[in-house]
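Protein sequences appear in the order of chains Y and F.
The numbering of the first sequence is our numbering, which starts it at 2 and goes up by one.
The numbering of the second sequence is our numbering, which starts it at 6 and goes up by one.
Note that the Cβ used here is the ideal one computed from N, Cα and C, for glycine as well.
Take a look at the structure below.
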Amino acid sequence: MDTQAQEPILELNGIYKSFVDKTGDKVGVLQDISLAIPQGSITGIIGKSGAGKSTLLRCMNLLERPDQGNVFFEGTDLTQAPRDILRQKRHHLGMIFQHFNLLSRRTLEDNVALPLEIAGHPKAKRRKTAQSLLNRLGLSDRENDYPSNLSGGQKQRVAIARALAGNARVLLCDEITSALDPETTTDILHLLRTLRDELNLTIILITHEMSVIRAICDHVFVMDAGKVAEQGPAEHIFSRPKHPATQALLKPFLKQSIPEFIQDRLQEKLCETKENKAILRLIFSGASAQEPLVSQFIRKAHTDVNILAGFMDQIGDTTFGTLVVEIPNNPAILEQTCTFLSTRGVAVEQLGFITHD
Amino acid sequence: MTELILESTWQTILMVTLSSVIGLLVGIPLGVFLFITDKGHLCQNLWINRSASLIINAIRSIPYIILVIALIPMTRLIVGTSIGTLAATVPLSIAAIMLFVRIVEDALRIVPTGLTEAALSMGATRMQVTKKVLLPEALPSIVSGSTLVIISLIGFSAMAGAVGGGGLGDLAIRYGYQRYNLTVVLEVIAILVVMVQCIQVLGDRITKKIRK
Ligand SMILES: Nc1ncnc2c1ncn2[C@@H]1O[C@H](COP(=O)(O)OP(=O)(O)O)[C@@H](O)[C@H]1O
Ligand SMILES: [Mg+2]
């Protein structure tokens, strides 16, 4: 991608942050985090609860001041910037939250206009910008309504409009779909992608759900215990997760690809008295998803392959698929299978065994 | 007699209104100050915060009637006398300030911290956060709390009678207690009930109107 070649719009360098917990001990929440966010990308930061994701995001606009390290936004080191410069830069770093954080006593229009009010723009301009943003986000004619009359999805749309109102170039999103139902989540994520394309925004999304990453992210950072455990293009994270933290996060997501009737029969150990078949999951992505690898493999290995389940999907711009297959439980065949497929970019995972009478 | 009742009612209204206004004027900034200097808030300054809280809590723990007596020298200094409606307003205002500070602090405390975060992330100054987010969001709770404070102040104002401050309490003591004129007592009670009721209804209405 050519975005990689440009200067990153946001760059974190050796960020450390610790808090003093209730017992008075110092806890290192972020430990030596460095990352670069390319302009125009949608970057996901995933990790389980308490991994330090929110703290990291808040370091990006200095709502949380790092103990050590630098934050560069469009070339300016925010950690060194005087207070008024920092405030100016924050106009371009819009933030969206899980619980929307709309002002209950302001109309939608006045909520959206808040960043402009803070920046000291005249009333006429505030009105115009707020109304056009509300229209764009599908809330026309609601400008005089109050947040309490809206659904969660609508509130998040207002919050997005508000984040954009101050002329944001980067959107920092902290679990913005975690309070929404699955359908609304999809809507909001698609909306973000459209906005990215139309306004050339850079989006950073924090989440604990792989499905959110799958829906729109180009690049993923996996966080574990205050460190970046793993990073890479989204399709790599899905097809070849290396770090145990990533594998753990993928588990609930990949489980969906194994039908229940197979899950029920899946054994961890061999059964001595019966015939065993090995169950493998093959994960294809990018080029490997488009080649006839399975048939090539069957021809080469002279073995029977029984396809139990499979699905293909799109992650970002990359085709991604999983296939659950059953092959004879023969060490030689197993070995051959893994080698052949691995060299062709397919990740192989042994799920267990199924017995046949 | 009617004239006396009217005059006393007017004195009570005057004392309570004046002390409420002073209480709000001083209590709101003081409450905001105590809130934003507290741990984890906009202008955290624990040393100043703890010292101020200590003083306020000390004053708050003084029973009102003792506060009135303790404040006699200060009252003399400000009003020139320690007797009369205006003099009674001084300790009443101090009590009002203490009560309003509490109301304002509590009201600010229930504003979700995420709102402050959101405003800061937009590049707001601490002053802007306070004026555009904290106070407007806390307003409904401040109004409903103020209703209670004003009603308490009516109660306190009755004690002004003890130091010759006038008002309905004074009237009830002089005619009801000392001369055992039950009619006057009943009339005073009726007027107080109506007053409290009016404030309660008005307070509830305003709260309901501004809470969206
Ligand atoms: N202001 C704070 N004071 C003390 N501890 C904090 C503070 N903010 C976060 N933490 C701690 O830092 C850790 C990481 O928190 P957070 O960044 O919110 O994680 P995540 O968003 O990944 O769930 C948690 O253990 C949390 O308790
Ligand atoms: Mg979080």
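Any non-hydrogen atom of ligand 2 within 7 Å of residue i CB
i, result
"glutamate 176 of chain Y", "yes"
"lysine 54 of chain Y", "yes"
Classification of residue i by the beta-carbon crowding that lies within 10 angstroms, buried from 16 upward
i, result
"tyrosine 185 of chain F", "exposed"
"glycine 85 of chain F", "exposed"
"histidine 303 of chain Y", "exposed"
"isoleucine 194 of chain F", "exposed"
"methionine 2 of chain Y", "Residue confidence is low: methionine 2 of chain Y scores 45 on pLDDT, short of 50, so the model does not pin down where it sits. No coordinate-derived value is stated."
"proline 293 of chain Y", "exposed"
"arginine 163 of chain Y", "buried"
"glutamate 273 of chain Y", "exposed"
"leucine 104 of chain F", "buried"
"valine 26 of chain F", "exposed"
"arginine 106 of chain Y", "buried"
"glutamine 5 of chain Y", "The predicted position of glutamine 5 of chain Y is uncertain, since its pLDDT is 48 and thus under 50; no value can be drawn from it."
"cysteine 174 of chain Y", "buried"
"glycine 45 of chain F", "exposed"
"asparagine 218 of chain F", "Residue 218 of chain F cannot be examined here, being either before or after the span of chain F that is shown, 6 to 217."
"lysine 213 of chain F", "exposed"
"proline 148 of chain Y", "buried"
"histidine 220 of chain Y", "buried"
"lysine 180 of chain F", "In the sequence under discussion, the amino acid at residue 180 of chain F is tyrosine, which differs from the lysine named in the question. It is buried - the Cβ of tyrosine 180 of chain F has at least 16 other Cβ atoms within 10 Å."
"glutamine 49 of chain F", "exposed"
"methionine 6 of chain F", "exposed"
"isoleucine 342 of chain Y", "The amino acid at residue 342 of chain Y is misidentified as isoleucine; the sequence shows leucine. The residue in question, leucine 342 of chain Y, is buried, as its Cβ has 16 or more Cβ neighbours within 10 Å."
"serine 289 of chain Y", "buried"
"arginine 84 of chain Y", "exposed"
"leucine 324 of chain Y", "buried"
"methionine 132 of chain F", "exposed"
Proximity winner among the options, relative to residue i (alpha-carbon distances)
i, options, result
"threonine 178 of chain Y", "Y:Arg197, Y:Val171 and Y:Met211", "Y:Met211"
"aspartate 314 of chain Y", "Y:Ala249, Y:Ile217, Y:Gly227 and Y:Gln337", "Y:Ile217"
"glycine 48 of chain Y", "Y:Ser343, Y:Val229 and Y:Leu36", "Y:Val229"
"leucine 72 of chain F", "F:Trp52, F:Leu51 and F:Thr94", "F:Thr94"
"threonine 340 of chain Y", "Y:Leu283, Y:Leu200 and Y:Ile38", "Y:Leu283"
"phenylalanine 169 of chain Y", "Y:Leu151, Y:Ile204 and Y:Thr185", "The residue you asked about is not phenylalanine; residue 169 of chain Y is alanine in the sequence shown. For the residues Y:Leu151, Y:Ile204 and Y:Thr185, the minimum Cα distance to alanine 169 of chain Y belongs to Y:Ile204."
"glutamine 291 of chain Y", "Y:Gly311, Y:Ile263, Y:Lys275 and Y:Thr320", "Y:Thr320"
"threonine 208 of chain Y", "Y:Gly25, Y:Ala120, Y:Ile355 and Y:Gln99", "Y:Gln99"
"isoleucine 77 of chain F", "F:Asp175, F:Gly169, F:Val189 and F:Leu35", "F:Gly169"
"methionine 127 of chain F", "Y:Glu144, Y:Gly139, Y:Thr108 and Y:Leu87", "Y:Leu87"
"lysine 78 of chain Y", "Y:Thr323, Y:Glu12, Y:Phe312 and Y:Glu110", "In the sequence under discussion, the amino acid at residue 78 of chain Y is aspartate, which differs from the lysine named in the question. Among Y:Thr323, Y:Glu12, Y:Phe312 and Y:Glu110, the Cα nearest to that of aspartate 78 of chain Y is on Y:Glu12."
"aspartate 358 of chain Y", "Y:Glu8, Y:Ala226, Y:Lys278 and Y:Leu250", "Y:Lys278"
"proline 366 of chain Y", "Y:Leu271, Y:Ala246, Y:Phe312 and Y:Gly154", "Since the displayed chain Y opens at 2 and closes at 358, residue 366 of chain Y lies outside it and no answer follows."
"leucine 158 of chain F", "F:Gly174, F:Val190, F:Leu144 and F:Pro145", "F:Gly174"
beta-carbon residue i near ligand 1 non-hydrogen atom, thresh 7 Å
i, result
"glycine 48 of chain Y", "yes"
"valine 30 of chain Y", "yes"
"phenylalanine 101 of chain Y", "no"
"threonine 175 of chain F", "The question names threonine, but residue 175 of chain F in the sequence shown is aspartate. Not under cutoff, so the answer is no."
"phenylalanine 98 of chain Y", "no"
"aspartate 225 of chain Y", "no"
"phenylalanine 239 of chain Y", "no"
"glycine 218 of chain F", "Missing from the structure shown is residue 218 of chain F; chain F here goes from 6 to 217 and no further."
"aspartate 22 of chain Y", "yes"
"glycine 70 of chain Y", "no"
"proline 51 of chain Y", "A small fix is needed here, since residue 51 of chain Y is glycine in this sequence, not proline. Checking every heavy atom of ligand 1 against the Cβ of glycine 51 of chain Y, one is found closer than 7 Å."
Residue i beta carbon near ligand 4 (any heavy atom closer than 7 Å)
i, result
"glycine 119 of chain F", "The ligand content of the structure shown is limited to ligand 1 and ligand 2, which means ligand 4 is not among them."
CB contact below 8 Å: residue i versus chain A
i, result
"serine 105 of chain Y", "Of the chains in the structure shown, none is chain A; the protein chains are Y and F."
Pair every Cβ in the region 102-118 of chain F with every Cβ in the region 147-156 of chain F, then say whether three or more of these pairs are closer than 8 Å.
yes
Entirely within the region 179-209 of chain Y and at least 3 residues each: give me those beta strand (DSSP E) ranges in chain order.
203-208
Stretch pair the region 82-97 of chain Y + the region 57-71 of chain Y: three plus CB contacts closer than 8 Å:
yes
Pick out the complete alpha helix (DSSP H) segments inside the region 56-101 of chain F, 4 residues or longer, and give them in chain order.
69-75 and 77-84
Can you list, in chain order, the stretches of the alpha helix (DSSP H) that have 4 or more residues and sit fully within the region 244-272 of chain Y?
245-256 and 261-266
Quick check for students: name the residue ranges of the beta strand (DSSP E) that lie wholly in the region 61-97 of chain Y, counting only runs of 3 or more.
69-74 and 94-97
For the region 117-132 of chain Y against the region 67-76 of chain Y, do three or more pairs of beta-carbon atoms, one drawn from each stretch, fall closer than 8 Å, so that the two count as touching?
no
Cβ contact check for the region 7-17 of chain F and the region 333-348 of chain Y: 3 or more pairs under 8 Å
no
Quick check for students: name the residue ranges of the alpha helix (DSSP H) that lie wholly in the region 286-324 of chain Y, counting only runs of 4 or more.
294-302
In chain order, which continuous runs of the alpha helix (DSSP H) of length 4 or greater are located wholly inside the region 161-209 of chain F?
172-176
Suppose only complete runs of 4+ residues qualify. What are the alpha helix (DSSP H) ranges in the region 111-156 of chain Y, listed by chain order?
124-137
Within the region 107-138 of chain F, note down every full alpha helix (DSSP H) run reaching 4 residues or more, in order along the chain.
118-126
Could you tell me whether the region 223-237 of chain Y touches the region 190-205 of chain Y, where touching means 3 or more Cβ pairs closer than 8 Å?
no
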